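Counted from 1, the sequence shown has number 367 at position 304 by the numbering used here; the numbering is strictly sequential.
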Amino acid sequence: MKIAVFGLGYVGCVSAACFSKAGHQVTGVDVNPLKVDIINKGKSPIVEPGLGEYIEEAVKNGNLKATTDFVETVRQTDISLICVGTPSNRNGSLNLEYIFRVAEQIGEALAGRDHYHVAVIRSTVLPGTLEKVVNIIAEKSGKKPGVDFGACSNPEFLREGTALKDFYDPPYTVIGEWDEKSGAQLARIYNMLEAPLIRTEVRVAEMVKYTNNVFHALKVAFANEIGAICKQEKVDSHKLMDIFVMDDKLNLSPYYLKPGFAFGGSCLPKDVRGLMYRAREVDADVPVISSLMRSNELHVKRALEMVFQYNKKKVGILGLSFKGGTDDLRESPMVDVVETLIGKGYDLRIYDRNVNLAKLFGANKEYINERIPHISSIMVDTAEAVLKHAEIIIIGNKSDEFAEVLQGTQPGQTVIDYVRIFKEKASIPAVYDGICW
């Protein structure tokens, strides 16, 4: 395939070299004639192990060249990979002027030409950027997106120093496709990779790289804060973390990484507070760890605001314990939600099969009867009783029975889901609203 690569910086050079090595005809485009000249001489304008050899080979066999002429390049290629920089502005926002300038150039090159071309953003950008790029191309070219030209988001996952290995062995290849034809054309250039190929919505793809990098930053900060506490406690933090990462069932796993409701139960809140207290005792400032309880409290507040916005007073709750399949109410965030709603005059009915059993003989009987009798008195024996009462139905934990129960809702009701009871957005009679989706 014939590929244009806009921007011969780090991502652009690596992409151009690797796709040309795979047999594609690649033309690099850059406003800097010095970079263009370096590429055309078979050299690399950046330092990256092995990249110079790739470029030298590709230039010699005719698979790679560079130019400043964007018009002819777009007209003679099938795909444009936009790899220009997105530096930060002083206020932290992204400077997208280079992205938009390339969009203008692609649009100008396509004007008056019967040539289907797919514009692909490889640069790291936030959701909504590709939509703006598509609008610019459409305006400049007079053509219709999804018909006369295509567009995709295709974030890169390259690390300096290991970029060639990362290119050929990524965790996955993500394509956010404007339409199926655009995604199919872009997917063809990745046929040589064995990594999973994910074709998804554009905004999901645009958010992937930011989610990855912020999580990596969080991991670094978390490890350093644990290390700061360990230093004061005379604990070898490296031995500790070697053990920590051995757990790939919970610690290094998809577990807990599902957006939903706040954490609760007998362990997490207690242990976070305990470690925060010890950190203060040993004068270790740990802002990431210290922010966890505050973040959790804000999420409960977010959950309550979802109820307040509807201005309806009859509320039903399905699931009171902190986790489906248990009767544990200790530090359940749903107890906080219920107590707040009662305090604000809401008329509540609550159903939780396991908590109902606990009222009779479970481990939480004393807690329920003595600590929260005001909540116990508004619990009902069936989910149907909740549905019959409620204008708003809150899903508080992921009990298996609730998905089927919700099929009995009515069009005038609203379901607020805190836990993603349905894998896909719900198709139920009631209005459906998810806390993080």
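Built from N, CA and C at the ideal position, the CB exists for glycine as well.
None of the values given here were measured: they were computed from a predicted structure.
Which residue comes first and which comes last in the beta strand (DSSP E) that contains residue i?
i      : result
Ala129 : Leu127 to Thr130
Tyr161 : Per DSSP, Tyr161 belongs to no beta strand (DSSP E); it is in the alpha helix (DSSP H), Glu160 to Leu173.
Tyr273 : Segment Val265 to Glu296 is the alpha helix (DSSP H) holding Tyr273; no beta strand (DSSP E) there.
Ile380 : Lys377 to Leu381
Arg412 : Asp410 to Tyr414
Asp480 : Thr477 to Asp480
Ile456 : Ile455 to Ile458
To the nearest angstrom, report how far apart residue i and residue j are at their CA atoms.
i      : j      : result
Thr472 : His452 : 11 Å
Ile162 : Val196 : 8 Å
Val363 : Ser316 : 25 Å
Gln139 : Lys65  : 7 Å
Lys321 : Ala172 : 43 Å
Gly497 : Asp177 : 44 Å
Leu551 : Gln248 : Because the chain spans 64 through 500 in this model, residue 551 falls outside it and cannot be assessed.
Lys375 : Glu464 : 25 Å
Asp346 : Gln295 : 8 Å
Asn419 : Glu344 : 42 Å
Gly323 : Gln470 : 21 Å
Residue i by DSSP, collapsed to three states: which one?
i      : result
Ala85  : coil
Asp496 : strand
Glu447 : helix
Pro208 : strand
Gly388 : coil
Glu368 : helix
Val77  : helix
Gly239 : strand
Ile102 : helix
Arg336 : helix
Ser358 : helix
Gln248 : helix
Ser353 : helix
Gly471 : helix
Tyr319 : coil
Ile484 : coil
Leu256 : coil
So residue i packs on residue j, CB below 8 Å; how close in whole Å?
i      : j      : result
Ser83  : Ala121 : 4 Å
Val478 : Ile458 : 7 Å
Gly327 : Glu394 : 5 Å
Pro190 : Glu269 : 5 Å
Val165 : Val147 : 6 Å
Val77  : Phe230 : 6 Å
Grab the span of the alpha helix (DSSP H) containing residue i for me, first residue to last.
i      : result
Gly148 : Neither: Gly148 is in no alpha helix (DSSP H) and is coded neither H nor E.
Glu467 : Phe465 to Val468
Glu119 : Leu114 to Lys123
Glu514 : Given a span of 64 to 500 for the chain in the structure shown, any question on residue 514 remains unanswerable.
Thr136 : Phe133 to Arg138
Asp305 : Ser300 to Phe307
Asp177 : No alpha helix (DSSP H) contains Asp177, which DSSP labels as neither H nor E.
Mind checking who residue i pairs with in its DSSP beta bridge?
i      : result
Phe69  : Val92 and Ile145
Ala214 : Ala182
Met442 : Ile413
Arg262 : Ile238
Leu227 : DSSP, once it has assigned bridges, lists no residue as partnering Leu227.
Leu157 : Ser151
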